[in-house]
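One point on numbering: in numbering that gives the first Met the number 0, the residue at position 64 of the sequence shown is 63, and numbering is uninterrupted. Reviewing the structure listed below.
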Amino acid sequence: MAETFVKTFTDPDEATAEAAGLAWLAEAEATGGTRTARVLAHPEPRVLHLEQISDGAPTTAQAERFGRSLAHTHAAGAAHWGAPSPGFPSPGALRMGRSRTAFVSAADAPDTWGEFFAEYRIRDYVHRIVDAGGFDGSEAAVFERVAERLEDGEFGSPQPGLVGDGPARLHGDLWAGNVLWPTPGQPVDGTTPTGAVLIDANPHGGHAETDLALLGLFGLPRLETVLAAYDEESPLADGWQERVELHQLAPLLLHVFLFGGSYTGAALRAARRYA
């Protein structure tokens, strides 16, 4: 029997959203996607029983397998830009969690990734940060210039090779702490062919480079190996390295909104590069 990690939420919709998101990501495993932690039970509205995964230092082989399998998770796709997972609760609000990150209904779906990222990732956070006194008018204007360039298509780029033309199926919060490396001898469904196991997802339809950029923001172990394996499995578009900080604007603005402090300067430095 799998060991259990009990996770408690303040809002029952958050528990439902997490369970739905993990299940949506897990669908991609059938086509080679990265292993996702299982929801073992949902015994109370605010409680999930999740599979307990041990976590160690990754080997080179694990990092390679993770890079390749993540490419297949992204390739599973999404219905539209900003689409939440099927089963996402409260379709009217389309926000969830402490960050109140915005998702997008099919009726409001933007036509391009640039429009999505500009409106639902940059402007949405910046407006709330300004309201909370975190950015002044001149600082907000830097982000608005980036948003306008995104809407104009200046930073548009093809998805990785396996994804095709539409949105990728993103984990959505793919920092190093949400990538677990099962330790030798721990059975995870008997094996860990995908190298890593994903937890704490915030999945939606987006650009695959956003997940990859977040992997690099907080120091994923063996990142270069992961990215090289990903690129070999699903070739990245030319110039992807020059867009890393652009895609990092979303998590940086999230951290400004939640924590302020040094994240404010980091977000502004990244934005000025693309303004």
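Note that the Cβ used here is the ideal one computed from N, Cα and C, for glycine as well. Fair warning: this is a prediction, and the values are worked out from it, not measured in the lab.
In summary, Leu-257 is exposed, with fewer than 16 beta-carbon neighbours lying within 10 Å of its beta-carbon over all protein chains present. Of the residues assessed, Asp-110 falls on the exposed side of the cut-off, its CB having fewer than 16 other CB atoms within 10 angstroms. For Thr-193, the three-state secondary structure derived from DSSP is coil. In the DSSP assignment, Val-243 falls within the unbroken alpha helix (DSSP H) covering 243-258.
CA-to-CA, the gap between Phe-134 and Ala-36 works out to about 37 Å.
Cβ-Cβ distances below 8 Å link Glu-232 to Gly-66, Arg-67, Ala-70, His-71 and Leu-161 in the same chain, with the five nearest sequence neighbours on each side left out; the list follows chain order. The beta carbons of Leu-169 and Asp-210 sit closer together than 8 Å. The stretch 114-129 makes contact with the stretch 141-151: 3 or more CB pairs, one atom from each, lie closer than 8 Å. Judged by DSSP in its simplified three-state form, Leu-49 adopts strand. CA-CA distance, Leu-47 to Thr-7, rounds to 7 Å. Rounded to whole angstroms, the Cβ separation of Tyr-229 and Phe-154 is 20 Å, and the two are not in contact under 8 Å. Out of Gly-260, Val-129, Pro-83 and Leu-251, the CA that lies nearest to the CA of Pro-166 is found in Pro-83. Put simply, the stretch 192-204 does not touch the stretch 240-255. Fewer than three CB pairs are less than 8 Å apart.
In the DSSP assignment, Val-145 falls within the alpha helix (DSSP H) that extends over 136-150. When C-alpha distances from Phe-102 are compared across Leu-49, Gly-171, Glu-143 and Gly-55, the shortest belongs to Gly-171.
Assigned with DSSP and collapsed to three states, Phe-116 falls in helix. Approximately 7 Å separates the beta-carbon atoms of Ala-62 and Gly-194; this is inside 8 Å, confirming the contact.
Within its own chain, the residues whose Cβ lies closer than 8 Å to the Cβ of Ala-60, once the five positions on either side in sequence are excluded, are Gly-194, listed in chain order.
Separation of the CB atoms of Pro-85 and Arg-45 is rounded to 21 Å, and the pair is thereby denied contact status at 8 Å. Linking Gly-31 to Leu-197 through their CA atoms gives a straight-line distance of about 14 Å. Distance check between Leu-24 and each of Trp-80, Gly-218 and Ala-75 places Ala-75 closest, using alpha-carbon atoms only. Straight-line measurement puts the Cα of Glu-43 at about 31 Å from the Cα of Pro-250. In the assembly as shown, Ala-269 is a buried residue. Its beta-carbon has 16 or more other beta-carbons within 10 Å.
By the C-beta density criterion, Gly-81 is buried, having at least 16 other C-beta atoms within 10 angstroms. Contact check for Ile-128 against Leu-248 fails: the beta carbons are separated by 8 Å or more. Leu-252 is not a Cβ neighbour of Val-145, given a cutoff of 8 Å.
Nearest in C-alpha terms to His-73, of all of Ala-56, Glu-26, Ala-131 and His-254, is Glu-26. Each residue's CA atom was taken as its position, placing Ser-104 and Ala-78 some 10 Å apart.
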